[in-house]
Amino acid sequence: MWGAVLLASAGCYALKLAGMSLPQRVLADERVRRIGALLPVALLSALVATGTFATGQDLTVDARAAGLAVAAVAVLLRAPFLVVIVAASGATALVRVVS
Numbered sequence: 203m204w205g206a207v208l209l210a211s212a213g214c215y216a217l218k219l220a221g222m223s224l225p226q227r228v229l230a231d232e233r234v235r236r237i238g239a240l241l242p243v244a245l246l247s248a249l250v251a252t253g254t255f256a257t258g259q260d261l262t263v264d265a266r267a268a269g270l271a272v273a274a275v276a277v278l279l280r281a282p283f284l285v286v287i288v289a290a291s292g293a294t295a296l297v298r299v300v301s
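Counting from 203, one number per residue, gives the positions in the sequence shown under our numbering.
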């Protein structure tokens, strides 16, 4: 177990060091800047999709999908963040109680 933790820590450190070692001209490239701006959105979307539609090794559609749909509508309506969270949580709880 500790070997895996130490190996992952070394890998993270090496990745961080590699990023800091890049020349400034590479970081100033327009393509790199666009990718850097979009990468967090893509990673967060992947985490949300995995957390919503995965149960172990299986794909499922359950109350979490309803909560995600309500959150997406609230975001499209430009609701405040707290309203989005409360609405999504309420929808998820409601669907779980009904089903």
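Even for Gly, the Cβ is constructed at its ideal location relative to N, Cα and C.
- Inter-residue distance for A251 and R235 is about 25 Å (C-alpha atoms, whole angstroms).
- Within the stretch 249-281, the complete alpha helix (DSSP H) runs of at least 4 residues fall at 265-278.
- In the displayed model, A230 falls within coil according to three-state DSSP, outside both helix and strand.
- Pairing A265 with A289 gives a Cβ-Cβ distance that is not under 9 Å.
- The C-alpha of L246 is placed about 24 Å away from the C-alpha of D231.
- Between A267 and F283, the gap from beta carbon to beta carbon reaches 9 Å or more.
- Between the alpha carbons of P225 and K218 lies a distance of about 14 Å.
- Counted as a single uninterrupted DSSP element, the alpha helix (DSSP H) harbouring S291 occupies residues 283-300.
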